[in-house]
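**Q** Protein chains in written order, with this note's numbering: chain A, 1 to 427; chain B, 1001 to 1427. Every residue gets a Cβ at the ideal spot worked out from N, C-alpha and C, and that includes glycine.
Protein chains: 2
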Amino acid sequence: MKKYNTSPLSGMQELLPTEQAIFDQLKQNISDVYHQFGFLSIETPIIERTDILFAKAGGDTEKQIYKVSKTAESADSADQALRFDHTVPLARYVVEHNNDLAFPFQVTQINRNFRGERAQRGRFREFYQCDVDVIGREKLPFSYDAKVIACIYDALMTFNLPKMVVRISNRKVLAGFLSSLNLSDKTSEISNIIDHAEKVPLEKSKEALKELGLTDEQVEKVTAFMFTKGDYDTVEEKLTEIMGDISPVAEGLAELKEVFDILDTGLGKYIIDFMIIRGLDYYTGTVFEIMLEDYREIGSISGGGRYENLASNFTEQKFPGVGGSIGLTRLFFILREYNLIEMQEKRPIDYVLLPLSKNELDDSIQLSAKLREQGNIVDIDLTDRKLGDRFNRASKIADYAIVIGNDEVIKQRYIAKNLRTGETKEI
Amino acid sequence: MKKYNTSPLSGMQELLPTEQAIFDQLKQNISDVYHQFGFLSIETPIIERTDILFAKAGGDTEKQIYKVSKTAESADSADQALRFDHTVPLARYVVEHNNDLAFPFQVTQINRNFRGERAQRGRFREFYQCDVDVIGREKLPFSYDAKVIACIYDALMTFNLPKMVVRISNRKVLAGFLSSLNLSDKTSEISNIIDHAEKVPLEKSKEALKELGLTDEQVEKVTAFMFTKGDYDTVEEKLTEIMGDISPVAEGLAELKEVFDILDTGLGKYIIDFMIIRGLDYYTGTVFEIMLEDYREIGSISGGGRYENLASNFTEQKFPGVGGSIGLTRLFFILREYNLIEMQEKRPIDYVLLPLSKNELDDSIQLSAKLREQGNIVDIDLTDRKLGDRFNRASKIADYAIVIGNDEVIKQRYIAKNLRTGETKEI
Chain A
1 MKKYNTSPLS
11 GMQELLPTEQ
21 AIFDQLKQNI
31 SDVYHQFGFL
41 SIETPIIERT
51 DILFAKAGGD
61 TEKQIYKVSK
71 TAESADSADQ
81 ALRFDHTVPL
91 ARYVVEHNND
101 LAFPFQVTQI
111 NRNFRGERAQ
121 RGRFREFYQC
131 DVDVIGREKL
141 PFSYDAKVIA
151 CIYDALMTFN
161 LPKMVVRISN
171 RKVLAGFLSS
181 LNLSDKTSEI
191 SNIIDHAEKV
201 PLEKSKEALK
211 ELGLTDEQVE
221 KVTAFMFTKG
231 DYDTVEEKLT
241 EIMGDISPVA
251 EGLAELKEVF
261 DILDTGLGKY
271 IIDFMIIRGL
281 DYYTGTVFEI
291 MLEDYREIGS
301 ISGGGRYENL
311 ASNFTEQKFP
321 GVGGSIGLTR
331 LFFILREYNL
341 IEMQEKRPID
351 YVLLPLSKNE
361 LDDSIQLSAK
371 LREQGNIVDI
381 DLTDRKLGDR
391 FNRASKIADY
401 AIVIGNDEVI
411 KQRYIAKNLR
421 TGETKEI
Chain B
1001 MKKYNTSPLS
1011 GMQELLPTEQ
1021 AIFDQLKQNI
1031 SDVYHQFGFL
1041 SIETPIIERT
1051 DILFAKAGGD
1061 TEKQIYKVSK
1071 TAESADSADQ
1081 ALRFDHTVPL
1091 ARYVVEHNND
1101 LAFPFQVTQI
1111 NRNFRGERAQ
1121 RGRFREFYQC
1131 DVDVIGREKL
1141 PFSYDAKVIA
1151 CIYDALMTFN
1161 LPKMVVRISN
1171 RKVLAGFLSS
1181 LNLSDKTSEI
1191 SNIIDHAEKV
1201 PLEKSKEALK
1211 ELGLTDEQVE
1221 KVTAFMFTKG
1231 DYDTVEEKLT
1241 EIMGDISPVA
1251 EGLAELKEVF
1261 DILDTGLGKY
1271 IIDFMIIRGL
1281 DYYTGTVFEI
1291 MLEDYREIGS
1301 ISGGGRYENL
1311 ASNFTEQKFP
1321 GVGGSIGLTR
1331 LFFILREYNL
1341 IEMQEKRPID
1351 YVLLPLSKNE
1361 LDDSIQLSAK
1371 LREQGNIVDI
1381 DLTDRKLGDR
1391 FNRASKIADY
1401 AIVIGNDEVI
1411 KQRYIAKNLR
1421 TGETKEI
């Protein structure tokens, strides 16, 4: 017999059924909240034209794209690859179908994406992303930024995690601030330093800024800026302190105000925090990240922001958008590492019926139908194995087992045994 | 500006949001029934090792496999491809995880598979398959065949289709019958003729049998056999008529009897029908197909069967199984062609709230929270466009719109307008 390696490929999530049930439940929770907020589902193909994907992908992403080819090529096969995110296919979708969509188009995509990253523990090459986006035609009010943020926050609330905090910034504030210091030409380098500031000692960040050629005063101001956080009024006050004249950041602040006017800031869930950059992404206004307050080392568990023009590569029409994403595969992995998900809470099946012989089969089928009508998940064990073996199987997948023998059929009385506690109840 | 083709690749399903909502609902219905029957979800990676896929794929399938390669190869990348069905990954999964699984392992996979078929209307290269399988260790009672069949039938019942009929046969009956005629060496050719008999005139089938070298008497017997159908007793009687001594088909008949002892045959939903072959698939006992009685030209809308040994390519352990599948992407396409799915029944959103200005925003958010608590899907339109435009958008995606102005806020009375009928109701 030929030997095969039957493990899944490296970088792929493959769960046991009980784990899968919990993963699926979390995914369903997210989907439910997204839908309740009025986001409509779409599903784009996993395989896209390579030129569509490359139009947007840059740098590392481009190297990580999986190309696809048929073993037997036919004449009509195009140059194809697996999508690496939901945003590029969404841009294509909006351009292709824009006459049939109702704008603002509130859309959710919950599905797998693919990146051939270097194999590493906790890094996945095939992973679920749970996205919401709102796409406008020509323009889109900034209150939609708040809607996206609140929706993702509420979706994550279903996970019963420790306290979350949403840190929100605006790229225009940073841009205005740097222009007031005549540092606009160093925007990307300084952004990069701020983006990494949380992971290194403060002196390292300051050194890096000095190496860029900033004066001591500029270094102090940039440092003060990146530590600015709080509610809207606090932040405006602090910026006035640092900058004197805050007119260069007026546009960004106005957008932040519009966002915070809608967000329910009562419980300190949402704060402005200028440390938030969102890496090299294509955001142009609002950016946000969600963290667990007491588990900062985990990093962000969700993020997103506003993009001026979703589909600029594909069309001259303007489609401004705002969106965010939960990287569920990676998040699930991390939450398990930190024991922040109760993995044992619920077995996937409610009742396993154990008919003692074929004589009790009809009765078992009837009972299963009744229990299913009540919303239960019911399995009938049809094997003729020893009762102990059948109980053993049941206890791996179900909460209760019900033995059905001649006696039960005659009396129409059924005893369900709790497979964890051994307690019994009559059905 | 560079021009891009923004259409999805040929052979890929891409739906508008209202269509997607219906597709998703059908998928959810199937999933719900599968779960109620006690099948556990698993999800295997879409990308598999090529040798795993090629171990089972033969002939055409092999040519249709999509191979995958990273644009920048790293040392640890294996030879990879996209899975073409759920069964091969399931075999790998069962071998890999068998120590952690509870047998009989009742499993469902609802996900996309990939085949680079020739492009053709109604043929998909990326398609959903909704599978259930039961895998035993060493042995598995034939009553599980009935369970799989009943479960898939019940899942399809949620579609509200015209009358369905499940046609069930058993490969061992055919094998025994052919051996009684000394035709065992022509089993695959004769199977192929029976498999296509419904699509050609009877004389064509008879000719084909003659060309194989069958005597006139053998041709008549094979023809009589393939038209044999009905309930168990009818079929046994008919076989006795044709064969005289039915001991060569005893094993197959016994399996059929075990299956029919469990199926609820009251309404003629399930019949034995020896015309059913299931092509060149690897089934070894029970085979079944589900059809719409009055739309036979559609062909089967689901099918499956029993396989002696799921994982014979990967292990020496024996895992007999039985399974079936609904090819949802293709089925959805066909049902729409035949107008057998009500596409307009339900818009994806229940209520769109239309606050007249920012003053009504807080109130709108509160109302949306209340409506969502009652299980409604609620969108708040945050634009400042003309009310007519906002109604227009709402009517494309929602059942009701609620205008919220100063008056409504003061009185806390809200009028929902039905966007189809124009009728109003107070909320």
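#1: Comparing the C-beta of residue 66 of chain A with each C-beta of chain B, is any distance below 9 Å?
#2: For chain A, check one thing: does any of its Cβ atoms lie closer than 9 Å to the Cβ of residue 1278 of chain B?
#3: Comparing the C-beta of residue 1396 of chain B with each C-beta of chain A, is any distance below 9 Å?
#4: Is residue 1187 of chain B helix, strand or coil when you go by DSSP?
#5: Anyone know if the C-beta pair for residue 1321 of chain B and residue 1079 of chain B falls short of 9 Å?
#6: Can the beta-carbon of residue 137 of chain A be found less than 9 Å from the beta-carbon of residue 11 of chain A?
#7: From the DSSP output, which residues share a beta bridge with residue 1424 of chain B?
#8: Just the C-alpha distance for residue 42 of chain A and residue 88 of chain A, rounded to the nearest angstrom, thanks.
#9: Starting from residue 21 of chain A, find everything on chain B with Cβ-Cβ shorter than 8 Å and list it in chain order.
#10: How do the stretch 32 to 48 of chain A and the stretch 1006 to 1025 of chain B stand: do at least 3 beta-carbon pairs fall below 8 Å, yes or no?
#11: Is residue 1325 of chain B helix, strand or coil when you go by DSSP?
#12: I need the straight-line Cα distance from residue 354 of chain A to residue 1026 of chain B, nearest angstrom please.
#13: Checking contacts by CB at 9 Å: is residue 1285 of chain B closer than that to chain A?
#14: Looking at the strands, I want to know which residues DSSP matches up with residue 355 of chain A.
#15: Identify which residue in A:235, A:9, A:90, A:52 has its Cα closest to the Cα of residue 44 of chain A.
#16: If I follow the unbroken beta strand (DSSP E) through residue 1046 of chain B, where does it start and stop?
#17: Run the CB neighbour count on residue 1202 of chain B, radius 10 Å, all protein chains shown included, and call it buried at 16 or more, exposed below.
#18: Secondary structure at residue 393 of chain A, three-state DSSP: helix, strand or coil?
#19: Buried or exposed: residue 163 of chain A, going by 16 or more other Cβ atoms within 10 Å of its Cβ?
#20: Any residues in the stretch 374 to 390 of chain A with a beta carbon nearer than 9 Å to a beta carbon of chain B? Which ones, in chain order?
#21: Out of A:391, A:407, A:239, A:271, which one is the CA nearest neighbour of residue 417 of chain A?
#22: Determine the contact status of residue 1249 of chain B and residue 1169 of chain B, defining contact as a CB-CB distance below 9 Å.
#23: Where DSSP assigns a beta bridge to residue 1289 of chain B, which residues make up the other side?
#24: Check whether the stretch 359 to 372 of chain A touches the stretch 389 to 406 of chain A, counting contact only when three or more Cβ pairs, one atom from each stretch, lie closer than 8 Å.
#25: Take residue 436 of chain A as the anchor and find which of B:1126, B:1411, B:1252 has the nearest alpha-carbon.
#26: Find the residues of chain A that neighbour residue 1360 of chain B, judging by a C-beta separation of less than 7 Å, and give them in chain order.
#27: Where do the N-terminal and C-terminal ends of the beta strand (DSSP E) with residue 1080 of chain B fall, by residue?
#28: Quick check on the DSSP output: the beta strand (DSSP E) that includes residue 70 of chain A runs from which residue to which?
#29: The beta strand (DSSP E) spanning residue 232 of chain A covers which residue range?
#30: Give me the Cα-Cα distance between residue 116 of chain A and residue 1028 of chain B, rounded to the nearest whole angstrom.
#31: Near residue 261 of chain A, which residues of its chain fall below 6 Å by C-beta distance, leaving aside the five closest residues on each side in sequence?
#32: In whole angstroms, give me the CA-to-CA distance for residue 410 of chain A and residue 358 of chain A.
#33: Where does residue 331 of chain A sit, in a helix, a strand or coil, going by DSSP?
#34: Can you tell which of B:1167, B:1165, B:1191 has the C-alpha that lies nearest to the C-alpha of residue 1177 of chain B?
#35: My guess is that residue 1338 of chain B and residue 1376 of chain B are in contact by the Cβ rule of under 8 Å, so how many angstroms apart are they, rounded?
#36: Please state if the CB of residue 1197 of chain B and the CB of residue 1291 of chain B are separated by a distance shorter than 9 Å.
**A** This is what the structure gives:
#1: yes
#2: no
#3: yes
#4: helix
#5: no
#6: no
#7: B:1417
#8: 14 Å
#9: 1040, 1041
#10: yes
#11: strand
#12: 31 Å
#13: no
#14: A:404
#15: A:90
#16: Counting along the chain, residue 1046 of chain B falls outside any beta strand (DSSP E), and DSSP gives it neither H nor E.
#17: exposed
#18: helix
#19: exposed
#20: 375, 376, 377, 378, 379, 380, 381, 382, 383, 384
#21: A:391
#22: no
#23: B:1167, B:1303
#24: yes
#25: With chain A covering only 1 through 427, there is no way to say anything about residue 436 of chain A.
#26: Those do not exist, as residue 1360 of chain B stays about 12 Å from chain A at its closest Cβ, beyond 7 Å.
#27: 1080 to 1082
#28: 66 to 70
#29: Unbroken run through residue 232 of chain A is the alpha helix (DSSP H), 232 to 243; no beta strand (DSSP E).
#30: 31 Å
#31: none
#32: 15 Å
#33: helix
#34: B:1191
#35: So it is not a contact: roughly 33 Å between Cβ atoms.
#36: no
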